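Here the structure is laid out as structure tokens; the discussion comes afterwards.
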Amino acid sequence: MFDPKLKEALARVQKPGRYTGGEPGCVIKNKAGVDLRFAFCFPDTYEVGMSFLGMKILYELLNERPNWWCERAFMPWLDMKEEMERLGLPLYALESKDPLTAFDVVGFTLQYELSYTNILAMLDLAGIPFYSRDRGEEWPLIVAGGPCVCNAEPVADFFDMMMLGEGELQLPAVCAEVERAKKEGIGKKELLRRIARIEGCYVPSFYGVSYQPDGRIASILPNDPAAPAVVTKAIIPDMDSQKLPTNFVVPMVGAVHDRAQIEVLRGCVRGCRFCQAGFLYRPMRQRSADKLNAAARDLCGNTGYEEVSLTSLSTSDHSQLEQLLDEMAPWVEKDHVSISLPSLRIDNFTESLIEKTTKVRKSGLTFAPEAGTQRLRDVINKNVTWEEIEKSCRIAFKAGYTSVKLYFMMGLPTETLEDIEGIANTAQQIVDLYYANPDKPKGKGVQVTISVACFVPKPHTPFQFVPQDTEESLKAKQQHLLHSVHSKKINVNYHDSSTSFLEAVFAKGDRRLAQVLVAAYRKGCFFDGWDECFHYDTWLEAFRQCGLDTAFYAGRPIGLEETTPWSHLDYGVSHEFLVREYKKALEAQTTPPCNRRCSGCGANKLVGGACFDYSQDLVH
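Those letters in the sequence shown? Residues 0 to 619, by numbering that gives the first Met the number 0.
Here it is, written out as structure tokens:
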């Protein structure tokens, strides 16, 4: 039943389907039979949130319990936010339309640093106090998970508890403790002590932070006996032990990635030094081809999707990928389902893969050389050569592709203007390669798109020690790139350096930044990841108001033995390994992928032994 106020709001906004719920696949339960209610909050629009695979996995997992009910909430767009404030309509979950205050647990996923103000906006719309210290027993437990928890500190004061690692293990355990506490009449403090004993669960209020006179962190130490000195992430050693979701909520309004998604593996063997995800999700663990095929078929059958994406950080590193595609071939052709591989590697792109993924329809082709010269690719440990780029492009052009998208970064450690010119040269060489190809499609030209992101140094990577390139330098490099491109066959897109700068500040920030987030939100900052909503000057005002310097966080090197805001959070990769990799980067020395040789990162302790059977030939 829709509240009359909600009906009024829906009549006045664009895309009311974002706010109605009732989609195919959504779960409705009888509240009388529910002992625990969980609101999964995605701090961005419905279209973005409904693309997120993690929510789909956890939604199905929690709702399998007959007495638990997981519902969804998203950040309303500008027009709906305004209407809700005008009408006094609190933020609600889509399934029941109940306000977030009616739930036992309200959980946010932290996917991107520039979504932090949206978390505050959603709490504000729900009427929930920002700071955990201001929420007594009457308020829901406010929790968080996702990759940004790897440096939880800038938002730590807002959350009762945060989860490091894989939610399939942690979230059911946390919900079970909440259900038990409700039945036993146990207060929030004791509940949090119980939760702190669950692997990977971090209770920020159980830790005290002290600072050195220059602003650097002196120590982060437990202040409660239930809290471990170091919180180690939770991990699933065997991915086949976890059931794959076979039914998704099919969105009413087209999602950004509106297709079936199957996670083929988790983690990555590559060791690219800039890539936070590659270190956070170590070690690589894959699912078996048989289980993936059965789940993909069921998922497409249940949802009606005509495209299935085989997702991971590096799908083509799956040792059974060709077998999986062969097993899927009969039913995808029969049902006219196309297969997309969104994370192909340049060095294992083959004619066979193209043939097996383009039988129904061709999707776009994207490669990520990341750097324009071999020297810089060795610095970042990309382990890709021009010869491999050339080979992959030849294969693609022979197969009839006429457009290629290339991802690069600028502002990488040791980068020079020669490396920037190398981006333009790489694109030009690919254009030339196309026209030199006798097998190219008749009467068609080629289009090469360069997409260049500003490099952001992230925690738990070998580059966490380096300062971010200055905004002035990044803007100069962007202009140099534009002047280095001379062909109309090459399009250049690049990211705003201001948003990247702010991302770096919050990626490497400490607890003092919570006050900045609140100040910026009060000044009107939210949807900071959207260009039309980003107000850089307002952010700088908020920092000045709070007496904090952005350059302290983003613009200075971190000492190799410095205590960081994330020193007490363990994702498996040792500090010694990160230092070793950083030093190798400065010498442009590469490290082989994990499945070729173990480099002693330390993540094998999480799975109780070697990550791979090195007696076998694992190179593929």
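The beta-carbon is built from N, C-alpha and C at its ideal position, and this holds for glycine as well. Computed from a predicted model, the values in this text were never measured in an experiment.
If we call anything under 9 Å between Cβ atoms a contact, is Val307 one with Ala254? no
Is DSSP giving Asp133 helix, strand or coil here? helix
Leaving out five residues on either side along the sequence, give the residues of the same chain with a beta carbon under 7 Å from the beta carbon of Glu540. Lys522
Using the Cβ count rule (16 or more neighbours within 10 Å means buried), how would you classify Ile216? buried
So, helix, strand or coil for Ala8, using DSSP? helix
DSSP three-state call for Gly421: helix, strand or coil? helix
Taking only the alpha-carbon atoms, compute the straight-line gap between Glu417 and Ser483 and give it to the nearest angstrom. 10 Å
What is the DSSP secondary structure of Trp385, counted as helix, strand or coil? helix
Is Ile345 near Pro368, with beta carbons less than 9 Å apart? yes
As assigned by DSSP and simplified to three states, the class of Val26: coil
Given 8 Å, three or more beta-carbon pairs between the segment 432 to 439 and the segment 390 to 400: yes
How is Ile56 classed by DSSP in three states: helix, strand or coil? helix
Could you check if His335 is buried or exposed, using at least 16 other CB atoms within 10 Å of its CB as the buried criterion? exposed
Roughly how many angstroms separate the alpha carbons of Pro466 and Tyr111, rounded to a whole number? 19 Å
Opposite Val104 in the DSSP bridges: which residues? Phe37, Leu140
Within the continuous beta strand (DSSP E) that includes Val307, where are the two ends? 306 to 310
Would you check if the distance between the CB atom of Thr563 and the CB atom of Gln428 is smaller than 9 Å? no
Nearest residue (CA-CA) to Val419, options Val403, Ser402, Leu375, Met121: Here residue 419 turns out to be Ile, not Val, going by the sequence shown. Comparing Cα positions, the closest option is Leu375.
Delimiting residues of the alpha helix (DSSP H) encompassing Ala506: 496 to 506
For Arg543, report the span of its alpha helix (DSSP H) as first-last. 535 to 545
Within 10 angstroms of the Cβ of Asn382, are there 16 or more other Cβ atoms? Answer buried if so, exposed if not. buried
Best match in Arg555, Arg511, Ile197, Cys524 for proximity to Ala230 [C-alpha to C-alpha]: Note on identity: in this sequence residue 230 is Val, with Ala being the wrong assignment. Out of Arg555, Arg511, Ile197, Cys524, Ile197 has the C-alpha closest to the C-alpha of Val230.
With 16 other Cβ atoms within 10 Å as the buried cut-off, status of Ala295: buried
Test: Cys453 CB closer than 9 Å to a CB of chain D: The chain inventory of the structure shown lacks chain D, comprising one protein chain alone.
Whole angstroms is fine: what's the gap from Cys311's alpha carbon to Lys397's? For clarity, residue 311 is Ser in the given sequence; the question names Cys instead. So the alpha carbons of these two residues sit roughly 27 Å apart.
Have a look at the DSSP bridge pairing and note the partners of Leu405. Phe366, Ile449
Please classify Trp330: does DSSP put it in a helix, a strand, or coil? helix
Would you mind working out which of Tyr520, Gln544, Arg543 sits nearest Phe533, comparing C-alpha positions? Tyr520
Roughly how many angstroms separate the alpha carbons of Gln275 and Pro3, rounded to a whole number? 46 Å
With distances taken Cα to Cα, identify the nearest neighbour of Lys28 among Leu61, Cys40, Phe41, Leu52. Leu61
For Cys200, the three-state DSSP class (helix, strand or coil): strand
With 16 as the cutoff for other CB atoms within 10 Å, does Ser622 come out buried or exposed? A question about residue 622 goes unanswered here, because the residues of the chain that appear run from 0 up to 619.
Among Glu350, Glu332, Thr314, whose alpha-carbon lies nearest the alpha-carbon of Ser342? Thr314
Starting from Asn301 and walking both ways along the alpha helix (DSSP H), at which residues does that stretch end? 288 to 302
With DSSP collapsed to three states, give me the class of Val618. Confidence is the limiting factor: at Val618 the pLDDT is only 46, short of 50, which leaves the residue's position unreliable and the question unanswerable from this model.
Is DSSP giving Cys392 helix, strand or coil here? helix
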